[in-house]
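See structure below.
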Amino acid sequence: ADLSHEVWGEQLAQLKPIVNAENSDSANLDNVMELLVRSGRTPTQALMMMVPEAYLNQPDLVQYPEIVDFYEYYSGIQEAWDGPALIVFSDGKQVGATLDRNGLRPARYVITRSGYLVVSSEAGVVDLPLGDIVEKGRLGPGQMIAIDFETHEILKNWEIKQRVAQAQPYGDWLKANRQAIEPQLFNEDSQLDKPALLKQQTAFGYTAEDLDMIIQDMAAQGKEPTYCMGDDAPLAILSEKPHLLYNYFKQRFAQVTNPPIDPLRERLVMSLTTQLGARGNLLDEQPDYARLLKLTSPVLNDRELTQIRESGFEVANLSALYDIGSGPAGLAQAVKSLCEQAEQAVQAGAQILVISDRIDAGGEAAWVSAEQTYMPPLLAVGAVHHHLLSQGLRMKASLVVDTAQCWSTHHFACLIGYGASAVCPYLALESVRHWWADSKTQKLMETGKLPQVTLNGAQENYRKAVNAGLLKILSKMGISLLSSYQGAQIFEAVGIGPSLLNLGFKGSVSRLGGLSVEELAQETVRFHSKAFPELTIKKLENMGFVQARPSGEYHMNNPQMTKLLHKALETKQYDHYELYQQQLENRPITALRDLLDFEPDRQPIDLSEVEPVETIMQRFCTGGMSLGALSREAHETLAIAMNRIGGKSNSGEGGEDMVRFKVLNDVDEGGLSATLPHLKGLRNGDTANSAIKQVASGRFGVTPEYLISAKQIEIKMAQGAKPGEGGQLPGKKVSSYIATLRRSKPGVTLISPPPHHDIYSIEDLAQLIFDLHQINPKAGVSVKLVAEVGIGTIAAGVAKGNADIIQISGHDGGTGASPLSSIKHAGLPWELGLSEVQRVLLQNQLRNRVTLRVDGGLKTGWDVIMGALLGAEEYGFGSIAMIAEGCIMARVCHTNNCPVGVATQREELRKRFTGIPEHVVNFFYFIAEEVRSLLARLGYRSLTEIVGRTDLLKPRSGLTLTKTQSLNLAAIISLPDTRRDRSWLEHETVHSNGPVLDDEILARDEVAQAIEQQRRVSQTFEVVNTDRTVGGRIAGAIAQKYGNTGFKGQLNLTFEGSAGQSFGAFNLPGMQLTLVGEANDYVGKGMHGGEVVIKPPAGIQYDPSENVILGNTCLYGATGGTLYALGKAGERFAVRNSQGQAVIEGAGDHCCEYMTGGVVAVLGHVGRNVGAGMTGGLGYFLDEAGDFPTRVNPEIVKVQRVITEAGAQQLKSLIEAHAERTGSQKAQTILANWETYLPKFWQVVPPSEAESPAASAEAAKVPTSVS
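In the working numbering, the protein residues as written are 5 to 1271.
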């Protein structure tokens, strides 16, 4: 659309670019807002256009249809800004604040009797006389508050939005102008016979794996395939096999600076709606700007595509086919011709361009043939998108891609990310039809081995799977709306050269260079020539891109390598290890480090001069593999081995059995111990305690004793195999033992949220680092990041946030279970990530603040040396450590059927585990010996001397890559010169939190003696909001001495004032913290016992039950204890609560999300999405408005009245305790009128609690014996 407004006239061009890619998101938001306001909009209207709330599925908007109409109208004109933000605004007439659509930042406000309004990101920022305060509130997701100085009003959310929305008849405009294409039935007639289908599939690059593992899985199950073990095949640019253009693009993802969104449990804030047509002038409002064609999904079938062509909108059909006789140079010319045709069509009035590879230049039906080949659709759409942008025409038309070469979720994401509004994957749908009609498929359905599904249902399943996959890809970048993702190019190219980048992908990052347009044409011809002129195969070729096979793609974790390593470790013979090492050394070029070689600057030295194996092994760590993904035997064997060598094992997510913290002293001559009877090869002095304890987003098993037993605590921000996504442990792997450690229910699938719900920004990460330093001041805190462009800036923030270690993981790291598209298409090689982090930290004088660790596919001493030269001081080994203890790479971890007992919870399979700690010790010994020999060859005595020395690296000579000779490795090896100044390698052992209130408390004799002698003590302290994690260090001191439950004393600590974040975190039995005042976010985070009581001070003039007293994400990951709060809480109350109990008087959105146990009672209004992902525990909600069921996410839980005496008694006891602790008037009123109020309560019940006495009248009748 052309921007125009009478205020600017001809001068508007001078203001451009209004949005500048060089500026920050905030600066661009400010520019657009100023443009809108100076063009006549009010600030509130401008922000409703730019940062709309998530208005779909919002019960509170039912009574405000005009507001929904406003949002719908502007959804076709302005794409939404996404991501965490508290935006404060003013134009001199209004001052206000609004919150992002997901409520990812805190926003607390206070209103006084005199009309004074204070809005801040924390409570307690401004001291106000208590008697003057009439309201304490918070902004919820997408909400707004403002003061109007002209009318002298304080305006609240709905009042502001109603005024804006009633300015124009937006609803009438939409009804009169906008059209919608509703989902249509799919074609049931095949368009091609089997031989013709095979020809087309082959020409467009389909393989047997694509059909069997992706398309068929999606059609049968309605979801993306899950796989395991990570990506150990060569990058597309390094592979000798032909790859689709999509495979050169890696999805980017959010970590630290903004959070991923949860597409499973917070789906209601996301949308795949897309609109086709010309966009209106942003600076004006006209009824015909609503003339758009609305689609509920970007995935089209043939009938929907026909409807678009017949919709009355001007549609131009453009052919993506061209003459193969024009040779490799013909592709560039064909693309340029396509761009010119697109430009002419738009100038002639076309509003929708359909780019199709099944029509000819005249628009008639045509197929790829011996004479005609195709432009890769990703290049075609990207080139047209950028050409129209350059001509100022892009907003006048939408792009629809009709293509054979699109079947996986990554393909759709790439096409949409580079400009398409919708895609018709016609050959994928044809493939589904043929699969469904096949007699084998029908037989599998008849025998129950596949779900019964109709032909239309199979195609709808496929679309459903693509939609879910797209939501996941959007969400991992923290984007809610498809319209915000479209054209955003959120990918990094690995192996795309400048000419190709400029033709179709301008603005994308491609640090290594790579394919030219001609080289891409040659690669496309490799597919085409397999099908034409003559098809020589009877079925699709299996290229082995996913599963290793003899004639397929090379995989680093292959059977031959595994056998060689097992033999070496069993015999402890270094010459056998050398065979393993040589096999990897002579492999095809697979990783970026394979393109590098040493360039020594001195003579070799004798091996005897090099530091010993024992010193080197202290730098080794195992990857964060959870107990649950691994069997108990495999997990404990790794821990014992790493403790023997002085390295560090990593617990992964899921907690750890306390028996493992003991040092063994009962091992017999056969290497067996009664303490750990399931293990072999033990010695006295062994311990299975993991040195690194992981804190992941699910917080499973994170207790004070778990944290205090750690030498290091790792915050897992992302995982190499699936960055931007949460963990998943299939229900069949959740045994009784695993469920006990994780405080969950056996057999129930456990999903960790994609984000840490206490980390939505770098400041939040710094707070969690502070929390962990608080409870265990002796443990270093590490932050695990995954390589992507921009990781250097993130790492700088992490270093400033007081982390001790930063771990850089590569895309090729392993996983127990992950969507296949994530394994293959997200994240980058660690070589790029590590070098970027090293460069940025050195340039900003931050490198001395942190130790750098690297992991992802490390297998040899040579890998370790490469990591060291690029800046790493420690080295993580995941999959290969599993192989060392017996893994045979069966790649069935996600099925619970591991044949050698490594990655299963099945008892009969675990008995097959043959691993012993010595085998793992031998492996690391051999690695260290290889490191020593390479150091000697380079002429250096220790690893420390070569860390960061990229001057000792050069591109490997004599290499010939199949696809290109144009790779540039400067991004990896051109780092600051570190030869002289090595002071950045001198690190503080563990960073301090500095002086904290908890230290003052612990220094008081009465408190110290109460802890030492397990006595009772009562003390009172003043608190301000800079006092963070109050109680955390006290809990750590108690856990250090008594564990989780051993303390028999009682600390009654009262605090007066506004507490900082994480008040009462990690609270333990025997600790009662009472706060008279108010609290901020994360109250009771990780609490394990005791009580936290929060109540307002005496003398307040407002009703506490109607006002806010604590912040967001309280009781996160609680494993016990009780919280009573006289007032309302914010968003995500009790998220991932395991066994905590709570009574509060109101809450925001997503209450009880991901709960696996415990009890929560809410005596007031709650937001939407209650009980999303809730698999255990119970919730009680007072519903005085009569609309509570509309606020519940019904996917898992059911809602019922309190129908049992046990339930009623449980609820009443909690309310009685709440009234006693807080003096709540509301609680007293409920208790005094119990018979009236009990019928107003709803009980939220997940399936695992359905038969419990509190929820089931039948279960309550069953007598239980009392011994």
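Beta carbons: idealized from backbone N, C-alpha and C, even for Gly.
Computed from a prediction, not measured in an experiment: that's the story for all the values here.
As a quick exercise: from the options, pick the residue whose alpha carbon is nearest that of residue i.
{"i": "lysine 1099", "options": "Glu1060, Leu1119, Val92", "result": "Glu1060"}
{"i": "valine 671", "options": "Arg664, Lys684, Asp661", "result": "Lys684"}
{"i": "asparagine 852", "options": "Ala743, Pro734, Asn806, Asp1107", "result": "Asn806"}
{"i": "valine 904", "options": "Asn1029, Glu637, Glu163", "result": "Glu637"}
{"i": "lysine 340", "options": "Leu322, Asp981, Thr206, Pro238", "result": "Leu322"}
{"i": "leucine 769", "options": "Leu569, Ser701, Lys828", "result": "Ser701"}
{"i": "valine 168", "options": "Asp197, Val92, Gly44", "result": "Gly44"}
{"i": "phenylalanine 253", "options": "Arg953, Asp981, Leu419", "result": "Leu419"}
{"i": "glycine 658", "options": "Arg1140, Val1034, Gly952, Ser194", "result": "Arg1140"}
{"i": "phenylalanine 1137", "options": "Asp808, Ala1176, Ile541", "result": "Ala1176"}
{"i": "arginine 986", "options": "Gln463, Arg953, Leu1055", "result": "Arg953"}
For residue i and residue j, I'd like the C-alpha separation in whole angstroms.
{"i": "glutamate 213", "j": "threonine 413", "result": "15 Å"}
{"i": "glutamine 847", "j": "alanine 417", "result": "35 Å"}
{"i": "serine 1271", "j": "alanine 1210", "result": "Low per-residue confidence applies at serine 1271: pLDDT is 36, beneath 50, and the placement is therefore not dependable enough to give any value."}
{"i": "alanine 800", "j": "proline 264", "result": "20 Å"}
{"i": "lysine 476", "j": "phenylalanine 257", "result": "11 Å"}
{"i": "valine 802", "j": "alanine 384", "result": "40 Å"}
{"i": "glycine 135", "j": "arginine 1032", "result": "27 Å"}
{"i": "alanine 89", "j": "asparagine 1084", "result": "17 Å"}
{"i": "glycine 1124", "j": "tryptophan 1246", "result": "23 Å"}
{"i": "proline 302", "j": "leucine 132", "result": "52 Å"}
{"i": "asparagine 1048", "j": "serine 713", "result": "11 Å"}
{"i": "valine 1097", "j": "glutamine 1076", "result": "8 Å"}
{"i": "glycine 1094", "j": "glutamate 38", "result": "51 Å"}
{"i": "tyrosine 59", "j": "aspartate 73", "result": "10 Å"}
{"i": "glycine 556", "j": "histidine 415", "result": "22 Å"}
{"i": "proline 727", "j": "threonine 48", "result": "36 Å"}
{"i": "leucine 276", "j": "proline 110", "result": "27 Å"}
{"i": "arginine 553", "j": "asparagine 562", "result": "9 Å"}
Excluding five sequence neighbours on each side, which residues of the same chain lie with their C-beta closer than 6 Å to the C-beta of residue i?
{"i": "serine 503", "result": "Ser520, Val521"}
{"i": "serine 488", "result": "Glu83, Ala84, Asp86"}
{"i": "glycine 508", "result": "Leu383, Gly386, Ala387"}
{"i": "threonine 966", "result": "Glu244"}
{"i": "serine 655", "result": "Ser694, Lys697, Gln698"}
{"i": "alanine 320", "result": "Ala349, Ala354, Leu357"}
{"i": "glycine 1161", "result": "Arg747, Ser1142, Gln1143, Gly1180, Gly1181"}
Using 8 Å for Cβ pairs, my map puts residue i next to residue j. What's the rounded Cβ distance?
{"i": "glycine 651", "j": "phenylalanine 930", "result": "Glycine 651 to phenylalanine 930, Cβ: 14 Å. No contact."}
{"i": "isoleucine 185", "j": "leucine 299", "result": "6 Å"}
{"i": "serine 653", "j": "glutamate 718", "result": "Not confirmed; about 11 Å, so no contact."}
{"i": "alanine 722", "j": "leucine 789", "result": "6 Å"}
Within 10 Å of its beta-carbon, does residue i have 16 or more other beta-carbons around it, so buried, or fewer, so exposed?
{"i": "phenylalanine 917", "result": "buried"}
{"i": "serine 635", "result": "buried"}
{"i": "tryptophan 1238", "result": "exposed"}
{"i": "valine 66", "result": "exposed"}
{"i": "arginine 105", "result": "buried"}
{"i": "serine 996", "result": "exposed"}
{"i": "alanine 1297", "result": "The requested residue 1297 is not part of the displayed model; the chain covers only 5 to 1271."}
{"i": "aspartate 6", "result": "exposed"}
For residue i, I'd like the list of residues in its chain whose CB is within less than 8 Å of its CB, leaving aside the five on either flank, ordered along the chain.
{"i": "leucine 956", "result": "Phe602, Glu603, Pro604, Asp605, Leu873, Leu942, Ile950"}
{"i": "valine 738", "result": "Gly632, Arg746, Ser748, Lys749, Pro750, Gly751, Val752, Thr753, Leu754, Gln909"}
Under 7 Å between C-beta atoms, does residue i make it to chain D?
{"i": "valine 123", "result": "Among the chains of the structure shown, chain D does not appear; only one protein chain is present."}
Ignore the nearest five residues each way along the sequence and tell me which others in residue i's own chain have a CB closer than 7 Å to its CB.
{"i": "proline 708", "result": "Ile779, Ala1039, Gly1040, Ala1043, Asn1048, Phe1070, Leu1072, His1092"}
{"i": "glycine 119", "result": "Ile158"}
{"i": "tyrosine 77", "result": "Tyr174, Trp177, Leu178, Ala294"}
{"i": "glutamine 1013", "result": "Arg1019"}
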